[in-house]
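Inspection log for the structure reproduced underneath, given as structure tokens.
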Amino acid sequence: MARVKRAVNAHKKRRVILERASGYRGQRSRLYRKAKEQVTHSLVYAYRDRRKRKGDFRRLWIQRINAASRQNGLTYNRFMQGLGLAGVQVDRRMLAELAVNEPKAFASLVETAKKALPENVNAPKSA
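The C-terminal residue of the sequence shown carries number 150 in the numbering used here, and the numbering is unbroken.
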């Protein structure tokens, strides 16, 4: 049976890990075992934070919408309720974009939401 020499594959495996770890501080970029641990953790963080980023952006959009709608005399939840009652289907990302870049267009949406809101908030809903 032929002898299998594994040095090429072993060196490639180590080289790939150390290349991925370049830029890390200290032993984490130079020693294989430490680099391997850090690269594994980095991949876990990247996976987790790709999902977390979606929530972070949603929170940012809500803060921007809330600030802009309060400048126009309406709180965030009342604004969103009014938009729903008015049948306006604009997502939070676009609303935040309008709030930052097109204040007049956003103000008109706030007025639309105000008109759609009932006068007496605690009144029972009509069927």
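Ideal Cβ positions, reconstructed from N, Cα and C, are used throughout, including at glycine.
Applying the criterion that 16 or more other CB atoms from any shown protein chain within 10 Å of the CB defines a buried residue, is residue i buried or exposed?
i: V113; result: exposed
i: A136; result: buried
i: A30; result: exposed
i: A44; result: buried
Assuming the contact rule is C-beta atoms closer than 8 angstroms, residue i and residue j should be a hit. Round their C-beta distance to whole Å, please.
i: L132; j: L106; result: 7 angstroms
i: S162; j: F102; result: What the structure shows of the chain is the stretch from 24 to 150, and residue 162 is not part of that stretch, so it cannot be assessed.
i: R87; j: V62; result: Contact flag wrong, Cβ pair sits at about 36 angstroms.
i: Q50; j: K57; result: 5 angstroms
Would residue i and residue j be called neighbours here (beta carbons separated by less than 9 angstroms)?
i: A109; j: K138; result: yes
i: F129; j: L121; result: yes
i: L66; j: S52; result: no
i: L54; j: W84; result: no
i: N89; j: E134; result: no
Give the list of continuous beta strand (DSSP E) stretches no shorter than 3 residues that lie fully inside the region 84-111.
none
Entirely enclosed alpha helix (DSSP H) segments - the region 24-50, minimum 4 residues
30-43
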